[in-house]
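Take a look at the structure set out below.
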Ligand code: HEM
């Protein structure tokens, strides 16, 4: 890394964190999502925007030889994450002005990688090199660290599940090796549930709502507004959906979700998501192999394991919805005082979309998340076709019928 990039990295890991923490402690003490017009706080905001702009200008100096921009893809992605942290903080503290200095660098890095020119979830969770035991954060608050840690670990656990499931098609659903992979998938989802429970017990609702969530808002880079950080911006969750057969890439609702998230994922995840679209669902393969009613012991064991994995995937999404999104976002949003911009009246639609990361009003995001819960739990609801419910019931029936027909079943 060049010394200008090093200097910026050092600032992001030290002064930037200290300055944001000072502001957050002041907001929290006042029970506010933001404070304006307090001279001592305006000075701190001014330092964030000014010092960051100065350090970024040193990186983008056009007469440098060799160029200061890293040639390695991972290093460029990491630098984009740091520039994005800076832009996210300017948005969070509602600072205008010199941060526009950072836009050309964000755009250059992003276009060289084929991603959105902003800080995304992957920068926080998976492309966040720890130095001296500490990964990059906005603040030094314990709640922010816990949020990133348990989110990141959950993604690793989802990735473990997806990696195992992706290997099943070439082995076939009756292979003894598939049993091993399905147990691995089950273990990954058990971890997702455990990590979610730990996060829900560790995270303070007010801290999350007042001091952490506001850094994830949509913001502009150049003339374009990019949506905010979403912990769902990784491919594994969708690989699991589609490989299990709980969601279909031919369903226009689900297709819309997949298409929208590409620029917000790391380049390697974009490639993985593309392969998801052509995968044969394991549910179809199990139904095909069990259709003649003769189940070998291995096929039966694998099918039971498969149904357990489906149930856990649904349970993890239901937990996310009812025990994370509702208490940590929806409930405090209904209690929160109006989010005020600098002395101006806030437009109610804009305010509702500020609460979510993807931009639409909260009730629209809640409906989308609820629909994903229905699909992953294969729940029948009036007005829906029950997703994979009928196919899962057919598989269950085939297993029960085989059990009843077994010679020693009485
Ligand atoms: C306090 C904790 C959390 C809250 C309040 C929360 C909130 C949300 C919200 C509001 C969305 C929708 C974003 C939008 O469209 O605006 C979302 C999406 C998502 N979140 Fe979380 N989240 C939390 C933790 C987690 C964790 C630990 C994971 C595990 C990896 C996770 C995985 C996802 C996924 C995969 C999506 C995309 C939708 C889907 O495919 O289900 N979230 N989250």
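In the UniProt record's numbering, the protein residues as written are 1 to 410.
Beta carbons are placed, not taken as given, at the ideal position from N, Cα and C, and that holds for glycine.
Is the beta carbon of residue i sitting closer than 8 angstroms to the one on residue j?
{"i": "residue 273", "j": "residue 235", "result": "yes"}
{"i": "residue 102", "j": "residue 56", "result": "yes"}
{"i": "residue 387", "j": "residue 246", "result": "yes"}
{"i": "residue 117", "j": "residue 226", "result": "yes"}
{"i": "residue 20", "j": "residue 48", "result": "yes"}
{"i": "residue 121", "j": "residue 229", "result": "yes"}
{"i": "residue 170", "j": "residue 302", "result": "no"}
{"i": "residue 264", "j": "residue 241", "result": "no"}
{"i": "residue 305", "j": "residue 243", "result": "no"}
{"i": "residue 299", "j": "residue 391", "result": "no"}
{"i": "residue 376", "j": "residue 217", "result": "no"}
{"i": "residue 362", "j": "residue 333", "result": "yes"}
What's the call for residue i, buried or exposed, on a 16-neighbour Cβ count within 10 Å?
{"i": "residue 12", "result": "buried"}
{"i": "residue 123", "result": "buried"}
{"i": "residue 442", "result": "There is no way to answer for residue 442, as the model of the chain reaches only from 1 to 410."}
{"i": "residue 134", "result": "exposed"}
{"i": "residue 10", "result": "exposed"}
{"i": "residue 114", "result": "exposed"}
{"i": "residue 71", "result": "exposed"}
{"i": "residue 403", "result": "exposed"}
{"i": "residue 365", "result": "buried"}
{"i": "residue 344", "result": "Residue placement at residue 344 is poorly supported in this model, since its pLDDT is 42, which falls under 50; the coordinates are not used for a value here."}
{"i": "residue 350", "result": "Residue confidence for residue 350 is low, a pLDDT of 47 falling below 50, so the modelled location carries little weight; the figure read from the coordinates is stated next. Per the 10 Å Cβ criterion, exposed."}
{"i": "residue 214", "result": "buried"}
{"i": "residue 144", "result": "buried"}
{"i": "residue 281", "result": "buried"}
Can you find a heavy atom of the ligand HEM that lies under 7 angstroms from the Cβ of residue i?
{"i": "residue 230", "result": "yes"}
{"i": "residue 187", "result": "no"}
{"i": "residue 262", "result": "no"}
{"i": "residue 277", "result": "no"}
{"i": "residue 158", "result": "yes"}
{"i": "residue 250", "result": "no"}
{"i": "residue 21", "result": "no"}
{"i": "residue 239", "result": "no"}
{"i": "residue 150", "result": "yes"}
{"i": "residue 126", "result": "no"}
{"i": "residue 329", "result": "yes"}
{"i": "residue 243", "result": "no"}
{"i": "residue 372", "result": "yes"}
{"i": "residue 387", "result": "no"}
{"i": "residue 258", "result": "no"}
{"i": "residue 317", "result": "yes"}
{"i": "residue 196", "result": "yes"}
{"i": "residue 272", "result": "no"}
{"i": "residue 208", "result": "yes"}
Assign residue i to one of three DSSP states: helix, strand, or coil.
{"i": "residue 250", "result": "coil"}
{"i": "residue 280", "result": "coil"}
{"i": "residue 36", "result": "coil"}
{"i": "residue 225", "result": "strand"}
{"i": "residue 296", "result": "coil"}
{"i": "residue 219", "result": "strand"}
{"i": "residue 170", "result": "coil"}
{"i": "residue 134", "result": "strand"}
{"i": "residue 49", "result": "helix"}
{"i": "residue 230", "result": "coil"}
{"i": "residue 56", "result": "helix"}
{"i": "residue 93", "result": "coil"}
{"i": "residue 343", "result": "At residue 343 the pLDDT is 43, less than 50, meaning the model places this residue with poor confidence and gives no usable figure here."}
{"i": "residue 350", "result": "A caution first: residue 350 carries a pLDDT of 47, below 50, which makes its placement in the model unreliable, though a value can still be read off. It is helical."}
{"i": "residue 152", "result": "helix"}
{"i": "residue 72", "result": "coil"}
{"i": "residue 410", "result": "Because the pLDDT of residue 410 is 47, which lies under 50, any placement of that residue in the model is unreliable, and the number read from its coordinates should be weighed accordingly. The answer is coil: DSSP assigns residue 410 none of H, G, I, E or B."}
{"i": "residue 396", "result": "helix"}
{"i": "residue 366", "result": "helix"}
{"i": "residue 31", "result": "coil"}
{"i": "residue 264", "result": "helix"}
{"i": "residue 139", "result": "coil"}
{"i": "residue 118", "result": "coil"}
{"i": "residue 203", "result": "coil"}
{"i": "residue 423", "result": "In the structure displayed, the chain extends from 1 to 410; residue 423 sits before or after that span and is not available."}
{"i": "residue 126", "result": "coil"}
{"i": "residue 378", "result": "coil"}
{"i": "residue 61", "result": "coil"}
With a threshold of 7 angstroms (Cβ to nearest heavy atom), would residue i be considered close to the ligand PLP?
{"i": "residue 320", "result": "With respect to the ligand PLP, the structure offers nothing, as its ligand set consists of the ligand HEM."}
Give a yes or no on whether 8 angstroms exceeds the smallest Cβ distance from residue i to chain C.
{"i": "residue 19", "result": "The structure shown has no chain C; it contains just one protein chain."}
Quiz item: Are the stretch 156–166 and the stretch 185–200 in contact at 8 angstroms, needing three or more beta carbon pairs?
Solution: At 8 angstroms Cβ cutoff, the stretches touch.
Quiz prompt | Cβ contact check for the stretch 144–151 and the stretch 253–260: 3 or more pairs under 8 angstroms | solution = Between the stretch 144–151 and the stretch 253–260, the count of Cβ pairs shorter than 8 angstroms is below three; the stretches do not touch.
Practice problem: Inspect the CB distances between the stretch 305–319 and the stretch 188–198 and report whether three or more fall short of 8 angstroms. | Solution: In short, these stretches touch, since the Cβ pair count reaches three.
Quiz item: Counting pairs of Cβ atoms below 8 angstroms between the stretch 290–301 and the stretch 371–384, do you hit three or more?
Solution: No: the two stretches stay apart, fewer than three of their Cβ pairs being nearer than 8 angstroms.
Self-check item: Stretch-stretch touch, CB-based, cutoff 8 angstroms, three pairs: the stretch 127–145 with the stretch 20–34
Solution: Yes, since at least three Cβ pairs between the stretch 127–145 and the stretch 20–34 fall closer than 8 angstroms, the two stretches touch.
Self-check item: Validate contact between the stretch 300–311 and the stretch 263–273 using beta carbons, cut 8 angstroms, 3 pairs
Solution: With contact defined as three or more Cβ pairs closer than 8 angstroms, the stretch 300–311 and the stretch 263–273 are not in contact.
Practice problem: Report yes or no: do three or more beta-carbon pairs, one from the stretch 80–88 and one from the stretch 212–222, lie closer than 8 angstroms? | Solution: Taking 8 angstroms as the limit for Cβ pairs, the verdict is that the stretch 212–222 does touch the stretch 80–88.
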